[in-house]
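J.:
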Ligand code: CIR
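Residue numbers (our numbering): 138 to 406.
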């Protein structure tokens, strides 16, 4: 998930892959998962890699009625110990949320929790954090009412929010951008105007990747200079190595098949 700074990544929530995963939504990177056992192996490698990096990981049970339930990033927005529970933007995904919200409320005892309501819609996958600056994608999943509720929370915390229009050929902001460190945004050519992120704080920058490596732009920066990256994106790998990062590559082909990226499968809390 992309709403915490590196120093806030200690505990992660993930969710198991249901047998119904072959029916997951797939309209962008993938044409639908075919091999659920391979998906489970890739997901298990992901869990092990987070644990090897010192993150304590809890895995919730799968929900057979919700083929997309592993994509927990979309179901909660956690910022500085506060939780915003969005109304997810796709109707088939709305009822995935209760086990996740129950878990977070219990584990983060005392945390301030706000629930989105009415016509506001948002997927957590539309939010990106660079240090203490936030970006939100206005997308097919996230609307202006949802953005205003996020803005209320962020202004209460003293953080700035910038809105980015997501083109039709992308699902979420985090499908096309990530922050491998608190100073770098990785984004592909061909999706966003070069000024989409606006003027960044001193020392921060956007690094543009070739369009054919769009999927590789979704990375997870971890404490200690490590970064998870999907296997098969050489320019992304080279760029991260040049930044002095220690890259860990994961084969995520069967997660990509349902339009899921690395960040989609975890919530840091
Ligand atoms: C969906 O369309 O909702 C899922 N198949 C993929 C969700 C990926 N989540 C994300 O980008 N944060």
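In this text, a Cβ means the ideal position worked out from N, Cα and C, and glycines have one as well.
1) Hey, residue 140 and residue 216: beta-carbon distance below 8 Å or not?
2) Compare the C-alpha of residue 356 against each of 314, 326, 162, 256 and name the closest.
3) For the candidate residues 405, 404, 397, 403, whose alpha-carbon lies nearest to that of residue 169?
4) Count the other CB atoms, across all protein chains shown, that sit within 10 Å of the CB of residue 379; report buried if there are 16 or more and exposed otherwise.
5) Cα-Cα, which of 342, 316, 382 is closest to residue 354?
6) When a residue counts only if its C-beta is closer than 7 Å to some heavy atom of the ligand CIR, which residues count, in chain order?
7) Taking a contact to mean a Cβ-Cβ separation below 8 Å, would you say residue 382 touches residue 367 in this structure?
8) Nearest by alpha-carbon distance to residue 286: which of 276, 254, 309, 263 is it?
9) May I ask which residues mark the beginning and end of the beta strand (DSSP E) holding residue 302?
10) Quick one: grab the DSSP three-state call for residue 314.
11) For residue 186, which residues in the same chain have their Cβ closer than 8 Å to its Cβ, ignoring the five residues on either side in sequence?
12) Taking the continuous beta strand (DSSP E) assigned at residue 274, which residues delimit it?
13) Quick one: what's residue 149 bridged to in DSSP?
14) What whole-angstrom Cβ distance do residue 493 and residue 274 have, given they're in contact under 8 Å?
15) Which first and last residues belong to the beta strand (DSSP E) in which residue 327 is found?
16) Can you list, in chain order, the residues of its chain with a C-beta nearer than 6 Å to that of residue 236? Leave out the 5 residues immediately preceding and following it.
17) Have a look at the DSSP bridge pairing and note the partners of residue 383.
18) Does DSSP put residue 258 in a helix, in a strand, or in coil?
19) For residue 281 versus residue 211, is the C-beta distance shorter than 8 Å?
20) DSSP three-state label for residue 378, please.
T.: Taking the structure as given:
1) In the chain shown, counting from the first residue as 1, residue 140 sits at position 3. In the chain shown, counting from the first residue as 1, residue 216 sits at position 79. Yes. Within cutoff.
2) As a working mapping, residue 356 is identified with position 219 in the chain shown. Taking only the C-alpha atoms, the option nearest residue 356 is 314.
3) Along the chain shown, one-based indexing puts residue 169 at 32. That would be 397, whose Cα lies nearest to the Cα of residue 169.
4) Here the question's residue 379 lines up with position 242 in the chain shown. Label assigned to residue 379: exposed.
5) On the chain shown, residue 354 is found 217 positions in, with the first residue counted as 1. Nearest C-alpha to residue 354: 316.
6) 161, 162, 163, 164, 205, 208, 210, 211, 227, 230, 260, 261, 262, 308, 309, 311, 312, 395, 396, 397, 398, 400, 401
7) Looking up residue 382 in the chain shown gives position 245. Looking up residue 367 in the chain shown gives position 230. No; because the gap between Cβ atoms is not below 8 Å, this pair is not in contact.
8) Position 149 of the chain shown, counted from the start, is the residue given in the question as residue 286. Closest by alpha carbon: 254.
9) Residue mapping note: residue 302 aligns to position 165 of the chain shown, counting from 1. Run containing residue 302: 297-302, per the beta strand (DSSP E) assignment.
10) Taking the first residue of the chain shown as 1, we reach residue 314 at position 177. Residue 314: coil per DSSP, three-state reduction.
11) One-based indexing of the chain shown puts residue 186 at position 49. If we look at residue 186 and ignore the five residues flanking it on each side, its Cβ neighbours are 365, 385, 387.
12) Looking up residue 274 in the chain shown gives position 137. Residues 270-275.
13) Start at 1 with the first residue of the chain shown, and residue 149 comes out as number 12. Per DSSP, 194, 405.
14) Here the chain has residues from 138 to 406 only, and residue 493 is not among them.
15) Position 190 of the chain shown, counting from 1, holds the residue named residue 327. First-last for residue 327: undefined, no H or E at that position.
16) Stepping through the chain shown from its first residue, residue 236 is reached at position 99. So the qualifying residues of the chain are 197.
17) Numbered from 1 along the chain shown, position 246 holds the residue referred to as residue 383. 363.
18) Your numbering for residue 258 matches position 121 in the chain shown. Annotated three-state conformation of residue 258 is coil, per DSSP.
19) In the chain shown, residue 281 corresponds to position 144, counting from 1. In the chain shown, residue 211 corresponds to position 74, counting from 1. Going by C-beta atoms, residue 281 is not nearer than 8 Å to residue 211.
20) Sequence index remark: in the chain shown, residue 378 carries index 241 (1-based). Note: residue 378 maps to helix in three-state DSSP.
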